[in-house]
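Written below as structure tokens is the structure these notes are about.
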Amino acid sequence: MVELRWLRHPRPLTRLFGMGNTVTCCVSPGASPKPSRARGATELPAPVADAYVVELQLAESDGGPHLQHISDREFPDELALESNPSDHPRASTIFLSKSQTDVREKRKSNHFNHVSPGQLTKKYSSCSTIFLDDSTVSQPNLRSTIKCVTLAIYYHIKNRDSERSLNIFDEKLHPLTRDGVPDDYYKHDPDHKHIYRFVRTLFNAAQLTAECAIVTLVYLERLLTYAEIDICPSNWKRIVLGAILLASKVWDDQAVWNVDYCQILKDITVEDMNEMERHFLELLQFNINVPASVYAKYYFDLRSLADDNNLSFLLEPLSKDRAQKLEAISRLCEDKYKDLSKAAMRRSFSADNLIGIRRSNAIIS
Numbered sequence: 001m002v003e004l005r006w007l008r009h010p011r012p013l014t015r016l017f018g019m020g021n022t023v024t025c026c027v028s029p030g031a032s033p034k035p036s037r038a039r040g041a042t043e044l045p046a047p048v049a050d051a052y053v054v055e056l057q058l059a060e061s062d063g064g065p066h067l068q069h070i071s072d073r074e075f076p077d078e079l080a081l082e083s084n085p086s087d088h089p090r091a092s093t094i095f096l097s098k099s100q101t102d103v104r105e106k107r108k109s110n111h112f113n114h115v116s117p118g119q120l121t122k123k124y125s126s127c128s129t130i131f132l133d134d135s136t137v138s139q140p141n142l143r144s145t146i147k148c149v150t151l152a153i154y155y156h157i158k159n160r161d162s163e164r165s166l167n168i169f170d171e172k173l174h175p176l177t178r179d180g181v182p183d184d185y186y187k188h189d190p191d192h193k194h195i196y197r198f199v200r201t202l203f204n205a206a207q208l209t210a211e212c213a214i215v216t217l218v219y220l221e222r223l224l225t226y227a228e229i230d231i232c233p234s235n236w237k238r239i240v241l242g243a244i245l246l247a248s249k250v251w252d253d254q255a256v257w258n259v260d261y262c263q264i265l266k267d268i269t270v271e272d273m274n275e276m277e278r279h280f281l282e283l284l285q286f287n288i289n290v291p292a293s294v295y296a297k298y299y300f301d302l303r304s305l306a307d308d309n310n311l312s313f314l315l316e317p318l319s320k321d322r323a324q325k326l327e328a329i330s331r332l333c334e335d336k337y338k339d340l341s342k343a344a345m346r347r348s349f350s351a352d353n354l355i356g357i358r359r360s361n362a363i364i365s
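Residue numbers (the working numbering): 1 to 365.
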């Protein structure tokens, strides 16, 4: 005899954890044959109970509109997150991994051919002089950042896995100029200078910032991951243009309108820009969020890419005025997060924390 009980359970049998309040039927084939102590318990023959369970399962699969649970719309585990570098800060960026093949081959070739690295142009800090560039994670240098971003796009095109693309990004179907593209446009990879001139023209004309260039690269890799396409000679201009268009609207307070890009690219229409933007957002699943940790990861990976390819940042000695400005910025940040650190401080301390950290003031001569 199988015992059949009606219970008020927080969610259906098919899900163990989550939200909701659903009346479910709990059948325990290994239940005790003793009479139930619960009031209102009903006993049914085994064939009847089994048939009811089958009907219940069919009703759950086919019956009525099914509301998707919130846990089903989220990532099941961190492995899915870590596979998307534009979403997870611990995932390795795609452009950096694609560039490592060329970097290793270049180093191996120089070693076998006994090629001298030449005169060392990189400046190193000493006890008396500190060399810094004018690019930081909060205020990157525009020219250097565009060079690094376009170099990352170059490695994406050169070391692409296949030729997967979509018609909305095909330059043959949606040309950016009246002249169109040659018939063999998909056979020749653009060089770094060509990509740099295209992006620099857009950034200079629209007066975009360096942070917008980093967000552009984030959206580009997110598109390649979500849509499962490749950036190749036939679509790279429209993909980059769509990423710049979206990044400028998300990042800048005074965004550039689509009609303004039509003034830069004379032969493109507003309708084409609107359609490309709509498809870009749909392929991103309207996920335009860029966490601070992801932004910082892309910035430092771009710095690593620049070091691997000998793209030098302009270094200057740390002057007294600049040191005072950096100290003032540090004090503002300390005052900003002082209240947060006090709230997060524990009430009790261990013996290791009884001795405070001593700080010495820097002497700038």
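Note that CB positions come from ideal geometry on N, CA and C, so glycine has one too. What you are looking at is a predicted structure, and each value in this text was computed from that prediction instead of being measured.
Member of the options whose CA lies at the smallest distance from the CA of residue i
{"i": "Ala376", "options": "His188, Ile244, His279", "result": "This structure does not reach residue 376, given that the chain is present from 1 up to 365, and the question cannot be answered."}
{"i": "Leu283", "options": "Lys172, Cys232, Ser135, Leu246", "result": "Leu246"}
{"i": "Lys187", "options": "Tyr337, Lys172, Leu166", "result": "Lys172"}
{"i": "Ser234", "options": "Val256, Leu176, Leu96", "result": "Leu176"}
{"i": "Tyr298", "options": "Cys262, Asp321, Thr216", "result": "Thr216"}
{"i": "Val149", "options": "Asp184, Asn84, Leu305", "result": "Leu305"}
{"i": "Asn287", "options": "Pro182, Ile229, Thr225, Asp253", "result": "Thr225"}
{"i": "Asp134", "options": "Ala210, Asp230, Asp335", "result": "Ala210"}
{"i": "Ser86", "options": "Arg200, Leu314, Asn289", "result": "Asn289"}
{"i": "Gln254", "options": "Tyr219, Cys262, Cys212, Glu271", "result": "Cys212"}
{"i": "His174", "options": "Arg200, Leu241, Tyr124", "result": "Leu241"}
{"i": "Ala206", "options": "Asn84, Asp252, Leu281", "result": "Asp252"}
{"i": "Asn309", "options": "Ala91, Arg90, Lys106, Asn84", "result": "Lys106"}
{"i": "Ser125", "options": "Glu316, Lys320, Gln324", "result": "Glu316"}
Rounded distance between the beta-carbons of residue j and residue i, thought under 8 Å
{"i": "Thr93", "j": "Glu221", "result": "7 Å"}
{"i": "Arg164", "j": "Asp267", "result": "Rounded, the Cβ-Cβ distance is 27 Å, inconsistent with contact."}
{"i": "Ile214", "j": "Pro291", "result": "Contact doesn't hold; Cβ gap of about 13 Å is too wide."}
{"i": "Asp230", "j": "Arg160", "result": "4 Å"}
Residue i classed as buried or exposed, judged by whether at least 16 other C-beta atoms fall within 10 angstroms
{"i": "Thr42", "result": "Bear in mind that a pLDDT of 48 at Thr42, under 50, signals an unreliable position, so the number given afterwards is only what the model happens to contain. Result: exposed."}
{"i": "Gly180", "result": "exposed"}
{"i": "Thr129", "result": "exposed"}
{"i": "Cys232", "result": "buried"}
{"i": "Ile146", "result": "buried"}
{"i": "Leu326", "result": "exposed"}
{"i": "Arg104", "result": "exposed"}
{"i": "Leu79", "result": "No answer about Leu79 holds up, because its pLDDT of 43 lies below 50 and its placement is not dependable."}
{"i": "Cys127", "result": "exposed"}
{"i": "Leu96", "result": "buried"}
{"i": "Leu151", "result": "buried"}
{"i": "Tyr337", "result": "exposed"}
{"i": "Ser330", "result": "exposed"}
{"i": "Tyr219", "result": "buried"}
{"i": "Asp183", "result": "exposed"}
{"i": "Arg90", "result": "exposed"}
Boundaries of the beta strand (DSSP E) in which residue i is found, first to last residue
{"i": "Phe286", "result": "It is not in any beta strand (DSSP E) - Phe286 carries neither H nor E in the DSSP assignment."}
{"i": "Leu315", "result": "315-317"}
Short Cβ contact (9 Å threshold) for residue i with residue j
{"i": "Lys98", "j": "Tyr155", "result": "yes"}
{"i": "Val259", "j": "Met273", "result": "yes"}
{"i": "Trp236", "j": "Ile157", "result": "yes"}
{"i": "Ile239", "j": "Leu265", "result": "no"}
{"i": "Leu132", "j": "Leu318", "result": "yes"}
{"i": "Phe378", "j": "Leu142", "result": "This structure does not reach residue 378, given that the chain is present from 1 up to 365, and the question cannot be answered."}
{"i": "Ser248", "j": "Leu302", "result": "no"}
{"i": "His88", "j": "Val256", "result": "no"}
{"i": "Ile195", "j": "Ile153", "result": "yes"}
{"i": "Phe300", "j": "Ser144", "result": "no"}
{"i": "Cys262", "j": "Val270", "result": "yes"}
{"i": "Ala296", "j": "Val137", "result": "yes"}
Opening and closing residue of the alpha helix (DSSP H) in which residue i lies
{"i": "Phe198", "result": "192-206"}
{"i": "Leu217", "result": "210-227"}
{"i": "Asp308", "result": "292-308"}
{"i": "Gln133", "result": "The identity of residue 133 in the sequence shown is Asp, whereas the question assumes Gln. Unbroken run through Asp133 is the beta strand (DSSP E), 131-133; no alpha helix (DSSP H)."}
{"i": "His156", "result": "142-158"}
{"i": "Lys237", "result": "236-251"}
{"i": "Ile264", "result": "258-264"}
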